[in-house]
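> Here it is, the structure in full.
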């Protein structure tokens, strides 16, 4: 079965520092890949997605992610963290011929002043 | 457009009581999903639907039932609530292919 791992349940960075949130998937066939953000007491919002076009994907709020097939990874980055980036981030995968999504356990990002 | 809405936002039940959660979407999406979110476990799929009149089991379906009588609505039922069903429940919908899921705001359920 497909699985998603997110290294680090909690990541803290200083304001202005690089944000790196890790995501690895288990499939041997490259799936569709998604990053979602969840602010407190809200639903999930899409940050960006990879659907087999460019391997470097740019999303909202200055985030981007790079699909690396050899590493089965889809890590999320942002060059300079802002206080408003504090939230929980979820990586998700969907097989191209499937109907369902599998979510990782999430990484809570804290941004320190 | 309202997007995806969920009713109610909060609910407290006693063990053994029943309730229905309503999800509605106004985007004419074919696919709808019910997830539960628990700390450290991400979102786990309970049931889903690929179109009006269809439902299927997800990863954690036990203790829940669903119905999709109208394309825009997807109902999640708990026939006899248990404390293990205390969670935050999210509904989502999407069109198809690699399309994005759109999530509702969630329902926070506590079972005493």
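Protein chains in written order, with our numbering: chain A, 1 to 113; chain B, 1 to 112. Backbone N, C-alpha and C define an ideal beta-carbon position, used for all residues, glycine too.
1. Please confirm whether residue 25(A) has its beta-carbon closer than 9 Å to some beta-carbon of chain B.
2. With residue 110(A) as the anchor, note down where its beta strand (DSSP E) starts and where it stops.
3. Thinking C-alpha only, which one of 109(A), 48(A) and 97(A) is nearest residue 89(A)?
4. Using beta carbons (cut-off 9 Å, strictly below), is residue 9(A) in contact with chain B?
5. List the whole-angstrom C-beta distance separating residue 106(A) from residue 42(B), where the pair is believed to meet the contact cut-off of C-beta under 8 Å.
6. With a cut-off of 9 Å, does the C-beta of residue 113(B) fall near any C-beta of chain A?
7. Mind checking whether residue 29(B) and residue 76(B) have CB atoms under 9 Å apart?
8. Buried or exposed: residue 7(B), going by 16 or more other Cβ atoms within 10 Å of its Cβ?
9. Quick one: which chain A residues come within Cβ less than 9 Å of residue 45(B)?
10. Report yes or no: do the region 68-75 of chain A and the region 11-19 of chain B share at least 3 C-beta pairs separated by less than 8 Å?
11. Where do the N-terminal and C-terminal ends of the beta strand (DSSP E) with residue 60(A) fall, by residue?
12. Using a C-beta to C-beta distance shorter than 7 Å, which residues of chain B count as neighbours of residue 46(A)?
13. Please list the partners that residue 89(B) has in chain A, where partner means a Cβ-to-Cβ separation under 9 Å.
14. Mapping the DSSP letters down to three states, classify residue 25(B) as helix, strand or coil.
15. Does the contact criterion of 3 or more C-beta pairs under 8 Å hold for the region 27-37 of chain A versus the region 92-107 of chain A?
16. Where does residue 83(A) fall in DSSP's three states?
Per the coordinate set shown:
1. Nearest CB-CB separation between residue 25(A) and chain B: not below the 9 Å threshold.
2. 107-112
3. 109(A)
4. yes
5. 5 Å
6. Given that chain B is displayed from residue 1 to residue 112, the structure contains no residue 113(B) and the question cannot be resolved.
7. No, the Cβ-Cβ distance between residue 29(B) and residue 76(B) is not below 9 Å.
8. exposed
9. Around residue 45(B), the beta-carbon contacts reaching into chain A at under 9 Å are 100, 101, 102 and 103.
10. no
11. Here residue 60(A) belongs to no beta strand (DSSP E), and DSSP marks it neither H nor E.
12. 100
13. None at all; the shortest Cβ gap to chain A is about 11 Å.
14. strand
15. yes
16. helix
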